[in-house]
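Here the structure is laid out as structure tokens; the discussion comes afterwards.
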DNA sequence: CAAATAGTTTAGAATAGTTTTAAATTGCTA
DNA sequence: TAGCAATTTAAAACTATTCTAAACTATTTG
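Protein chains in written order, with my numbering: chain Y, 519 to 654; chain X, 519 to 654.
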């Protein structure tokens, strides 16, 4: 349970003006116990449902991208027609249920340590993502 | 170096009619020493360049999907505006150079064994993909 | 070997997710 | 509170991909 005031501070600290829309989006995204996997469209619909206020689709895109840039959201690499995001920005991995198009978190310890033995000159590793596709 | 005749057989064996277009696509995709990472658009342009014959974009899509279904191509899970495919269908992983939007193969042994400790009732693991993002 | 048939190709239209635009609105600073 | 800059918005634009339906081609059948 995070308060509105905390969201406002969080936004201010990130040099993002705490607008009504952004606060509503924060409520939907971050006012939860469990990690949340979503597409922009999921979020767009949830905002209307949960807050009763409509936020334009463009703003949802803008805000999600801003949050992603600030590190408050993680983009999940799957090939899908839609882009998936995750409110869990800690280092972890995913199951993807191909049939149901649903994501499930995989803790780091469920995957075990991954040590990349190869390196590319002049480049450093930014992230290591494991995607485990599930079928019936 | 694989001959045209072999492509024709490969296609026939997969119950795909060996049309001029498909054979050209095979030449571009499979007549190489090294693994090949591409987007549909890359491939579309390469066909014109390499074979001198134009294949319609729709056919490139159809054929790539057909080959993917038959297991001759692998789809690489990255978030990009375009979908990437790989002619290397063996079990392996990828580096993705975010800046240059370029993929590099990672051998299985460069990543080490990955053992997924968690399981989801009623589902089985279809694939395990590791994507290592690179930055400068 | 010709005709029938079923699969394939194609250009162009349609679709869907995402980005851009430009005008109106809002938050913040002086 | 005035003024500036950031933000929101609806709508248009854009882009990758899929669909459509007509023309074409490989294969099968008589």
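Where a beta carbon is used, it is the ideal one built from N, C-alpha and C, also for glycine.
Counting the other Cβ atoms within 10 Å of the Cβ of residue 647/X gives 16 or more, which makes it buried. Residue burial annotation: residue 649/X is buried, with at least 16 other C-beta atoms found within 10 angstroms of its C-beta. Measuring C-alpha to C-alpha distances from residue 558/Y to each of 598/Y, 526/Y, 609/Y and 527/Y identifies 598/Y as the nearest.
Separation of residue 537/X and residue 526/X (C-alpha to C-alpha, rounded to the nearest whole angstrom) is 8 Å. A residue is called buried once 16 or more other Cβ atoms fall within 10 Å of its Cβ, and residue 529/Y is buried on that count. In the structure shown, residue 554/Y falls within a coil segment according to DSSP collapsed to helix, strand and coil. The three-state secondary structure of residue 628/Y, taken from DSSP, is helix. A check of alpha carbon separations from residue 541/X across 577/X, 635/X and 551/X identifies 577/X as the nearest. Here residue 615/X is bridged, per DSSP, to 620/X and 652/X. A distance of 8 Å or more separates the beta carbons of residue 623/Y and residue 635/X. The alpha-carbon separation between residue 550/X and residue 572/Y amounts to approximately 53 Å.
DSSP places residue 593/Y in the strand class (E or B) of the three-state scheme. For the segment 603-626 of chain X, the set of positions with a beta-carbon nearer than 8 Å to some beta-carbon of chain Y reads 613, 615, 616, 622, 624 and 625 in chain order. The DSSP-derived three-state label of residue 642/Y is strand. Rounded to the nearest whole angstrom, the C-alpha separation of residue 600/Y and residue 626/Y is 25 Å. Sixteen is the threshold: when 16 or more other Cβ atoms of the shown chains lie within 10 Å of the Cβ of residue 592/Y, as they do, the residue is buried.
Burial check for residue 638/Y: the Cβ neighbour count within 10 Å stays below 16, so the residue is exposed. When secondary structure is reduced to three states using DSSP, residue 604/Y falls in the strand class.
Here residue 602/Y is buried, its C-beta having at least 16 other C-beta atoms within 10 Å.
Here the C-alpha atom of residue 520/X lies approximately 10 Å from the C-alpha atom of residue 544/X.
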